[in-house]
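Quick note: the sequence shown uses the numbering used here, first residue 1, plus one each step. Let me begin by presenting the structure, written as structure tokens, before commenting on it.
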Amino acid sequence: MTPIHFARVKGNQIVWHDLHKLQTWLAGMQGDVEITIKRPRKSRSHNQNGYYWAVIITGLAGWLGWEKDELHEALKAKFLREPQADHRLPDKIKSTTELSTMEFETYLEEVRQWALTELDYLIPLPNEVV
């Protein structure tokens, strides 16, 4: 696994969060390297995940008579399936832990719309939950 080193850009300078760690890692490198700079991704939030499990999963599991973990796996398979370039390989099912806050919100909206249209089950939005 490629290590990730975080930094902040100030003006046109890079200020490393842990310069010593970076230097230690670089000491073991020889030859050409590839450097990628990108903005850090915000993973799904604790509030999003809490809402997902407490409202969506618990409510739908009760409505359908399914176990919570079973429903979670079924929803991931339905909405987070990624076909592989090599069609001889099975599709990849993304984990919800891999999703950014925006990707997770898109997933939640897809589940809410599906539940309403296919199951006639209304899942309240986070601000509607009391």
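No residue lacks a Cβ here, since even glycine has one placed at the ideal position from N, Cα and C.
CB residue i to CB residue j, shorter than 7 Å?
i    : j    : result
R81  : D91  : yes
A7   : W16  : yes
Y107 : A115 : no
Y51  : P124 : no
L71  : V111 : no
H5   : L19  : no
In terms of residue numbering, what span does the beta strand (DSSP E) encompassing residue i cover?
i    : result
K10  : 7-10
W138 : Any answer about residue 138 is impossible in this case: the structure gives the chain only from 1 up to 130.
W66  : Premise fails: W66 is in no beta strand (DSSP E) and is neither H nor E.
V15  : 13-16
Where does the unbroken alpha helix (DSSP H) through residue i begin, and where does it stop?
i    : result
Q113 : 101-119
Q23  : 19-27
Roughly how far, in whole angstroms, is the beta-carbon of residue i from the beta-carbon of residue j, given that I think they are within contact range, below 8 Å?
i   : j   : result
W63 : L99 : The pair is not a contact, with the Cβ atoms about 24 Å apart (cut-off 8 Å).
If you pair each beta-carbon of the segment 53-70 with each one of the segment 26-45, do three or more pairs fall below 8 Å?
-> no
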